[in-house]
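Worksheet: the structure to be examined is printed underneath.
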Amino acid sequence: VFFRICIDDDFWGLVVAQHNEKRVVDLQQRKLCTFAIQAATSKYESHVKQNLLERTELLKLAEEELKKSLSENKMVNCALIQHMDILTQLVDADGLAIFNQGDVFSYGQSPPKAQFYELIQFLQKHTDKALFKDYNFRLNHQENFKEKLGFAGLMYLKVGLENDYYIVWFRRENSSQVMQMELKEEQDGKKQLKIWEDTRYDVAKPWNDAEINFVLRLNQIIKES
43 VFFRICIDDD FWGLVVAQHN EKRVVDLQQR KLCTFAIQAA TSKYESHVKQ
93 NLLERTELLK LAEEELKKSL SENKMVNCAL IQHMDILTQL VDADGLAIFN
143 QGDVFSYGQS PPKAQFYELI QFLQKHTDKA LFKDYNFRLN HQENFKEKLG
193 FAGLMYLKVG LENDYYIVWF RRENSSQVMQ MELKEEQDGK KQLKIWEDTR
243 YDVAKPWNDA EINFVLRLNQ IIKES
């Protein structure tokens, strides 16, 4: 038995119930389960929409503050350094570091300076994107660094056309349980559903659309300044 979950009319996931042997499905209980899932989904949607409203208001205030600082400071870097706490909070990151022509400014849980230089060299060599994100960064690239990375995920914004100004956000490891399912055919020809859990390490919480849009908006504000 399975039940679809839709958020904002988009398919979000499934609730699946299974038994090793055939059983008669109680239609009344199935209908009750459907109502329970619909109620939980509606409550979740309301919670998400309320958070979006609060976040939108916070973003507006942050934009106004950043624009004011950028207009008052002759150097973009000075304005950004003054608001590293806000820049970290609005992307829901654990740390932030700014690389400006060899100078490093950090806030929160960010790598040591020597490792950050190593990271910048790696990014300069392996990607020329203006915006780069990877919540599996430590899982994918740890072998390229001398010491163990103290973060699992990162996102950076490259300011300007040169490879000399980076704003880098960091997220710590967020290990999680992932359920795996596989339908295997046994020797007797019968199909058996195998279910098991894997623990994922060296990964962080993914960056969502709202956080990415804020970084893109930040880039636009910097350009306009």
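Residue numbers for the sequence shown, in our numbering: 43 to 267.
Idealized CB from N, CA, C, for every residue including glycine.
In DSSP terms, what residue i is bridged to
i: Y149; result: L138
i: Q219; result: T241
i: E227; result: K233
i: G55; result: I47
DSSP three-state assignment for residue i, whether helix, strand or coil
i: L165; result: helix
i: F179; result: helix
i: F77; result: helix
i: L101; result: helix
i: F187; result: coil
i: L173; result: strand
i: V257; result: helix
i: V67; result: coil
i: H89; result: helix
i: E204; result: coil
i: K155; result: helix
i: A246; result: coil
i: Q268; result: Because the chain in this structure spans residues 43 to 267, residue 268 falls outside the shown range and cannot be described.
i: Q131; result: helix
i: N60; result: The sequence given here places Gln at residue 60; Asn does not occur at that position. Q60 falls in the coil class under three-state DSSP.
i: S267; result: coil
Boundaries of the alpha helix (DSSP H) in which residue i is found, first to last residue
i: L196; result: Taken as a continuous stretch (DSSP letters only), L196 belongs to no alpha helix (DSSP H), being part of the beta strand (DSSP E) at 195–200.
i: V118; result: 118–124
Assigned exposure category for residue i - 16 Cβ within 10 Å defines buried
i: R72; result: exposed
i: V66; result: exposed
i: W238; result: exposed
i: Y243; result: exposed
i: P153; result: buried
i: W249; result: buried
i: D251; result: exposed
i: V220; result: exposed
i: T76; result: exposed
i: V289; result: Residue 289 lies beyond the residue range present for the chain, which begins at 43 and ends at 267; the question has no answer from this structure.
i: E96; result: exposed
i: D136; result: buried
First through last residue of the beta strand (DSSP E) which encompasses residue i
i: R213; result: 207–213
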